[in-house]
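S.K.: First, the structure itself, so that you have it in front of you.
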Amino acid sequence: MRPDLIIKNRKLNHIIGVIGIILSIVVIFLALKNVSWVYRLVAVCAIIYCLIDIEQKLEEDHAITKIDRNIIVVIGSFYIGFSIICAFINIDLLLRLAGITGSGYLGFKSYQLVREGILNKKLKLADSLVATFLGIFPAILLIIYAFIAFWIILLALTLLYNLIHLIVRIKIERGSTNRQF
723 MRPDLIIKNR KLNHIIGVIG IILSIVVIFL ALKNVSWVYR LVAVCAIIYC LIDIEQKLEE
783 DHAITKIDRN IIVVIGSFYI GFSIICAFIN IDLLLRLAGI TGSGYLGFKS YQLVREGILN
843 KKLKLADSLV ATFLGIFPAI LLIIYAFIAF WIILLALTLL YNLIHLIVRI KIERGSTNRQ
903 F
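The sequence shown begins at 723 in my numbering and counts up by one.
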């Protein structure tokens, strides 16, 4: 990793840590007052985490330029803003947005697992976007036609991803290669 990204990530991790402490205090306060606000805050935080993680991973692998990064940040900011508005107005829509984000994130992480874990190559922007949209479009269709089935399928795919990730990680760490995943 480049030294400037390490310093940037240290600063970002410090900022995220402070925000995490503040959010933890807010969650405890809200949990004592009303449990539904905890669900809303967790959904918004999950959306923020997924979008930030995708952007950081693409930046670490030099898959995006500054213009691409700015476009991703602007789109992500609108999505996060819309999610925060939905947290106050419509919890059902917020949960659907969180599910769609989770599906896209699962598609991206699956691509990352194959590309970095198995093939030992860096990420590419176009392939990352295709993998993300391959996670998003079926999720949208399932939400429209079978909302309950969507959550069951998303949970099953997440468990499958975790199992494959564990197998690939064990194979890489115990194999003849000296790399870590």
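All residues carry an ideal CB built from backbone N, CA and C; glycine is no exception.
Remember, predicted model here, so these are calculated numbers, not experimental data.
Just verifying my parser: in three-state terms, what is the DSSP assignment at residue 812?
M.R.: Taking the sequence shown and counting its residues from 1, the one referred to as residue 812 is at position 90. If DSSP states are grouped into helix, strand and coil, residue 812 belongs with coil.
S.K.: When the Cα atoms are used, what is the spatial distance from residue 881 to residue 829?
M.R.: Counted from its first residue, the sequence shown places residue 881 at position 159. Counted from its first residue, the sequence shown places residue 829 at position 107. Residue 881 and residue 829: Cα-Cα distance of roughly 13 Å.
S.K.: If we count Cβ pairs, one from each stretch, closer than 8 Å, do we get three or more for the segment 815-830 versus the segment 768-785?
M.R.: Because the criterion of three Cβ pairs below 8 Å is met, the segment 815-830 and the segment 768-785 touch.
S.K.: Which residues in the same chain as residue 815 place their Cβ atom closer than 8 Å to its Cβ, once the five residues preceding and following it in sequence are excluded?
M.R.: Here residue 815 refers to the residue found at position 93 of the sequence shown. Counting only Cβ-Cβ distances below 8 Å, and skipping sequence neighbours, we find 808.
S.K.: Specify whether the segment 832-844 and the segment 866-877 touch according to this definition: at least 3 beta carbon pairs, one from each stretch, less than 8 Å apart.
M.R.: Judged by Cβ distances under 8 Å, the segment 832-844 makes no contact with the segment 866-877, as fewer than three pairs qualify.
S.K.: Thinking just about the alpha-carbon of each residue, which of 751, 849, 855 and 877 is nearest to the one in residue 783?
M.R.: Here residue 783 corresponds to residue number 61 of the sequence shown, with the count starting at 1. For the residues 751, 849, 855 and 877, the minimum Cα distance to residue 783 belongs to 849.
S.K.: Nearest to residue 836 by CA position, among 797, 894 and 735, is which residue?
M.R.: As a working mapping, residue 836 is identified with position 114 in the sequence shown. The candidate whose alpha carbon is nearest that of residue 836 is 894.
S.K.: Cutting at 6 Å between CB atoms, please list the residues of its own chain near residue 854, excluding the five before and the five after it.
M.R.: As a position in the sequence shown, residue 854 is number 132, starting the count at 1. Excluding residues within five positions, the ones whose Cβ falls inside 6 Å are 826, 829 and 830.
S.K.: Residue 787 by DSSP, collapsed to three states: which one?
M.R.: The residue you call residue 787 lines up with position 65 of the sequence shown. If DSSP states are grouped into helix, strand and coil, residue 787 belongs with coil.
S.K.: My guess is that residue 799 and residue 769 are in contact by the Cβ rule of under 8 Å, so how many angstroms apart are they, rounded?
M.R.: Looking up residue 799 in the sequence shown gives position 77. Looking up residue 769 in the sequence shown gives position 47. At roughly 12 Å, the Cβ-Cβ gap does not stay under 8 Å, so residue 799 and residue 769 are not in contact.
S.K.: Ordered along the chain, which non-local residues of its own chain (more than five positions away) have a Cβ less than 7 Å from that of residue 767?
M.R.: In the sequence shown, the residue the question calls residue 767 occupies position 45. Within the same chain, residue 767 has close Cβ partners 745.
S.K.: So, under 8 Å CB-CB, residue 832 and residue 771 are touching, yes? Tell me the CB distance rounded to an integer number of Å.
M.R.: Numbered from 1 along the sequence shown, position 110 holds the residue referred to as residue 832. Numbered from 1 along the sequence shown, position 49 holds the residue referred to as residue 771. No, residue 832 and residue 771 are not in contact; Cβ-Cβ is about 17 Å, not under 8 Å.
S.K.: DSSP on residue 817, reduced to helix/strand/coil?
M.R.: For the purposes of this step, residue 817 is taken as residue 95 along the sequence shown, with counting starting at 1. Three-state result, residue 817: helix.
S.K.: Which first and last residues belong to the alpha helix (DSSP H) in which residue 838 is found?
M.R.: Residue 838 sits at position 116 when you count from the first residue of the sequence shown. Looking at the DSSP string, residue 838 is not in any alpha helix (DSSP H), and its letter there is neither H nor E.
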